[in-house]
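Colleague: Just dropping this structure here.
Protein chains in written order, with full-length UniProt numbering: chain A, 1 to 936; chain B, 1 to 147.
As structure tokens, then:
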């Protein structure tokens, strides 16, 4: 296109402007000029093009351009290429808000798509990929597919058509109907033109994630194409980039293969291995020229990633580890960076960490690299390669670096230290020491999650508490005490201060003084925590009640409303004449329910934003295996041990699967009542009782504590805490009658797939009226089970023996942990699981009588309470709820579960669908949900 | 639900003036302004000699290289192949260089519309489209001879 003189002059004018005001004046003058020119009906094509160009330039400078759309559309309709080109550029850069113009652009595009000149078609395709609105996907997809598949279309058209489709597919997956044409794209991986193959490979990579079945032939195409490039050296010289043949295509194909399992056919397998071997061999020599080195190494790193994914040759992996070891000491920063990154990937999958651990020293030194990007990768790698053996070294190194590391990295470092310490702690004192140091060092750089988590862990582990108290008091007594450390210490002493009260220098009054001394200098949030501790002290140590009240009294007039309120309330509690009020209010906190650690979710959130299902996360093999398990390849593979175990478990459980419903019906009734219930000869009163028991049971399917049975004589409460595959069930027995209950016996009968053991010593033989006893049972889910265990309570009251047989709310559904996945992944996985038909369970249920908003809210809490991570925004329908969880059994493996709830308020119905890698798991969850619905 | 491989391309000078911007993902006007400023701040402050060409940027990564006074920055997914992207930048610069004959910052200013046309022949929809320098150049030649 010839340059436009007027445009050049205008740009030069603007560049000469000395101030923004001057520039603005010039722009306004030009805008007025252009407006006048546009009124001229005889404006030439050239001038129209020139003025539109000026408008584009002004809009690029940031000026708001709100006219010229009509002229842009006219340019598009011009027969001249250069005018058309500027027209399309204008509509892609200037926003078109007016529907009429959008419609004319659309019809111009439609016309140009069928123009006999291929460069016009290409221009239209460029425009579609640059603008991309929904209507285009709806009306133009067909035309674009035709262009891609037509033998008459030029290679330029084909390349652009393929990428256009990719763009439409990504933006409007529902409008393009990709399944209809997906399979026909695959053969283009063998197209003679490298550009066309490259574009097709990009498209197929996206299709492979959505339609693995339709594109399953892609793997063999990719392998053969790679062979001709790498092994046979067949390629046109045009595509050699600094002595490396078609590097981008090699990478695309190596990447595409990472979406498929290792090929079954021995021929393809050995072909693939020889390709990888070839690439590794070529890379042994260090290329001299930068570009050549980059190109060669970009292929190598992709090949290593593929090798890790295929996991078929450990020898090759060891060799990769060696090569990577060389890279992480390279003088080239880019190479060090990629070496560390790829090694972290390797560490996340490799069977033994030894080859990686050999470089531990170098990796630790990389924490001091000049480049923060490299330091970050080193941190990731240390996190991935950490295990019980090297945890102490790695954690202490990270702590050492924390003090000097950049603020940007410190938060992540702190999170990772916290997670690693919790995961690999073998001694309680180590955990407490590290965490206290951590909060002191990095407290300013991390969210509240970290100190909350420390408190949670201490509450949950009795063995930790004494030591934690000692350290807390020390921390408070130290000359400087970080805010977060102060909060942890205050909380811990408030809960467990009595444990050390008899040790010298740790008397209640010492504890209170230490707290008071630091309190003044802390923030209001920390002082609020401290006030609560003082309140708890009144209960723990009546001997210092007056002192405590004095502290509270001072804060009763605090300016901060929160502090004032706390102080007033605690003061009032402390001065009320009542024996059991304080002990009840300040009762020891129960351990927090074990759900996914907030630290983990925070870390995962940082890493979640990608479309790529091939992704892996830092942090070791277990997590990645879990993720792999949920992938389609493994699910439909059928050969994995999980599936075999699953089959065995299924066979074993088939016989008792029928029992479930009837047993559930009588849940909670006493033995006699159960028999009657099945006879259906129920009095209204009994009806009511059975319904009530069912409600209690259903509630415990998604809440961790509550009443299970409320009879005339006894009441049974449940507090459950799960850490799949294990759990601890607390059973509370209360005597509601006016006479003592004697000869109490409690027995749990369970399926062999669920191991149950009583954790507390002996069942108390008798209970006085209004007294309560608690018993703990440890449960371990060894395999998938479908029948909930029964709790048999027998006792004698007033000489009459009674037996209550209750269904314990412990089901497969309780062994589910939430898993967060990228929003985009959900439906891809959903679909993949749905293809195997038996693994789905679906029910249509009557929505409980609630208003729409409340119903949705309630549904969310039910789904969340059942252990699913809600994936917000994954479902196009905003009211639908989708969730992901993973069920864990001790020896039967783990099972990914996807759940979708579709409320249909208009019909008062809700459809619930569960897809899981085990049909039994799906069925149990479905049954649980129906029970929750029915008894709401 | 799906995201592009390249989210956006920015070419900025050392003062932070943007000479080319190409957005492959949907960003609002305000967001674009913010991103431009942040990319400049992130990239320009880095040590050009001893640091890598990759830097973390929110949940993505910026792959960049400096040519004379211009920073060519690609924002990509963290899972993308960094070196391949870095060389795509080089390819783009080489093509611009051959096409304009020793390209300089002012060429990008005065011929901004041509730069978009060149880019559309190399990268489309956030994916690399053509990687042969000679194929791209002869195509550009052919197109610029059209009326």
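Glycine included, C-beta positions come from ideal geometry on N, C-alpha and C. All figures in this text were calculated on a predicted structure; none of them were measured in a lab.
Please state whether DSSP places residue 739 (chain A) in a helix, a strand or coil.
Modeller: DSSP places residue 739 (chain A) in coil when its eight states are reduced to three.
Colleague: Note down, in chain order, every chain E residue with its Cβ under 7 Å from the Cβ of residue 84 (chain B).
Modeller: The question asks about chain E, but that chain is absent: this structure's protein chains are A and B.
Colleague: In chain order, what residues of the region 181-207 of chain A put their CB closer than 8 Å to some CB of chain B?
Modeller: The residues in question are 194, 195, 198, 199, 202, 206.
Colleague: Which residues, in chain order, does the region 76-104 of chain A contribute to contact with chain B at a C-beta distance below 7 Å?
Modeller: For the region 76-104 of chain A, which is checked against every Cβ of chain B, the residues closer than 7 Å are 80, 81, 82, 85, 86, 89.
Colleague: Chain B partners of residue 73 (chain A), CB-CB under 8 Å?
Modeller: Per Cβ cutoff of 8 Å: no residues; residue 73 (chain A) is ~17 Å from chain B at best.
Colleague: Between A:233, A:310, A:267, which lies nearest to residue 278 (chain A) when the distance is taken from Cα to Cα?
Modeller: Per the Cα distances, A:233.
Colleague: Of all the options A:194, A:829, A:368, which has the alpha carbon lying nearest to the alpha carbon of residue 131 (chain B)?
Modeller: The residue with the shortest Cα to Cα distance from residue 131 (chain B) is A:194.
Colleague: If you count every other CB in all the chains shown that lies within 10 Å of the CB of residue 12 (chain B), and 16 or more means buried, which is it?
Modeller: Result: buried.
Colleague: Could you give the C-beta distance for residue 903 (chain A) and residue 879 (chain A), rounded to a whole number, given that I count them as a contact under 8 Å?
Modeller: Their Cβ separation, rounded to whole angstroms, is 6 Å, which keeps residue 903 (chain A) and residue 879 (chain A) in contact under 8 Å.
Colleague: Against chain B, does residue 17 (chain A) count as a neighbour if the rule is that its beta carbon must be under 9 Å from one of theirs?
Modeller: Output row for residue 17 (chain A): interface = no.
Colleague: Check whether the Cβ atoms of residue 286 (chain A) and residue 333 (chain A) sit closer than 9 Å, and answer yes or no.
Modeller: No; because the gap between Cβ atoms is not below 9 Å, this pair is not in contact.
Colleague: Among A:569, A:542, A:139, which one has its Cα closest to the Cα of residue 554 (chain A)?
Modeller: Cα-wise, what sits closest to residue 554 (chain A) is A:569.
Colleague: In the DSSP output, which residue or residues are listed as bridge partners for residue 843 (chain A)?
Modeller: Answer by DSSP bridge pairing, in chain order: A:912.
Colleague: If you drop the 5 nearest sequence neighbours on each side, which residues of the same chain put their C-beta closer than 6 Å to that of residue 935 (chain A)?
Modeller: Here the set comprises 694, 695, 698.
Colleague: Would you mind working out which of A:291, A:10, A:810 sits nearest residue 751 (chain A), comparing C-alpha positions?
Modeller: Selected option, being the one with the closest Cα: A:810.
Colleague: If you count every other CB in all the chains shown that lies within 10 Å of the CB of residue 783 (chain A), and 16 or more means buried, which is it?
Modeller: Residue 783 (chain A) comes out buried.
Colleague: Quick check: the region 564-579 of chain A against the region 431-446 of chain A, are at least 3 beta-carbon pairs closer than 8 Å?
Modeller: These segments do not touch.
Colleague: Mind the definition here: the region 804-819 of chain A touches the region 701-714 of chain A only if three or more C-beta pairs lie below 8 Å; say whether that holds.
Modeller: Touching, yes, given that three or more Cβ pairs across the two stretches are closer than 8 Å.
Colleague: Can the beta-carbon of residue 295 (chain A) be found closer than 9 Å to that of residue 244 (chain A)?
Modeller: In this structure, residue 244 (chain A) lies closer than 9 Å to residue 295 (chain A) by Cβ.
Colleague: Quick one, which residues of the region 111-131 of chain A are near chain B if we go by CB-CB under 7 Å, in chain order?
Modeller: Residues 119, 126, 129.
Colleague: Straight-line CA distance for residue 326 (chain A) to residue 208 (chain A)?
Modeller: The alpha-carbon atoms of residue 326 (chain A) and residue 208 (chain A) are separated by roughly 34 Å.
Colleague: At a Cβ threshold of 9 Å, is residue 881 (chain A) touching chain B?
Modeller: No, residue 881 (chain A) lies away from the interface with chain B (no Cβ there is under 9 Å from its Cβ).
Colleague: What are the start and end residues of the alpha helix (DSSP H) that includes residue 805 (chain A)?
Modeller: Residue 805 (chain A) -> not in any alpha helix (DSSP H); beta strand (DSSP E) instead, spanning 800-807.
Colleague: Around the C-beta of residue 892 (chain A), are 16 or more other C-beta atoms found within 10 angstroms, so that it is buried, or is it exposed?
Modeller: With 16 or more Cβ atoms within 10 Å of its Cβ, residue 892 (chain A) is classed as buried.
Colleague: Would the beta-carbon of residue 235 (chain A) fall within 9 Å of that of residue 292 (chain A)?
Modeller: Not in contact: residue 235 (chain A) and residue 292 (chain A) (Cβ atoms no closer than 9 Å).
Colleague: Determine, for residue 5 (chain B), whether the minimum Cβ-Cβ distance to residues of chain A falls below 9 Å.
Modeller: With 9 Å as the cut-off, residue 5 (chain B) counts as an interface residue toward chain A.
Colleague: Can you grab the Cα-Cα spacing for the pair residue 218 (chain A) / residue 257 (chain A), in whole Å?
Modeller: Distance between the alpha carbons of residue 218 (chain A) and residue 257 (chain A): 8 Å.
Colleague: Under the rule that 16 or more other beta-carbon atoms within 10 Å means buried, what is residue 91 (chain B), buried or exposed?
Modeller: By the 10 Å Cβ count, residue 91 (chain B) comes out buried.
Colleague: Considering only the alpha carbon of each residue, which of A:72, A:42, A:328, A:136 lies closest to residue 54 (chain A)?
Modeller: Comparing Cα-Cα distances from residue 54 (chain A) to each of A:72, A:42, A:328, A:136, the minimum goes to A:72.
Colleague: Would you call residue 680 (chain A) buried or exposed, if buried means 16 or more other Cβ atoms sit within 10 Å of its Cβ?
Modeller: A caution first: residue 680 (chain A) carries a pLDDT of 45, below 50, which makes its placement in the model unreliable, though a value can still be read off. Residue 680 (chain A) comes out exposed.
Colleague: Is there a C-beta anywhere in chain B that falls below 9 Å from the one on residue 373 (chain A)?
Modeller: Interface residue, yes.
Colleague: Please state if the CB of residue 532 (chain A) and the CB of residue 486 (chain A) are separated by a distance shorter than 9 Å.
Modeller: No; because the gap between Cβ atoms is not below 9 Å, this pair is not in contact.
Colleague: In the DSSP assignment, find the alpha helix (DSSP H) that holds residue 333 (chain A) and state where it starts and stops.
Modeller: 333-347 is the span of the alpha helix (DSSP H), which, as asked, contains residue 333 (chain A).
Colleague: Can you grab the Cα-Cα spacing for the pair residue 753 (chain A) / residue 781 (chain A), in whole Å?
Modeller: Each residue's Cα considered, the two are about 6 Å apart.
Colleague: Looking only at its chain, what residues have a beta carbon closer than 8 Å to the beta carbon of residue 922 (chain A), apart from the 5 residues adjacent to it on each side?
Modeller: Contacts found: 839, 840, 841, 897, 914, 915, 916.
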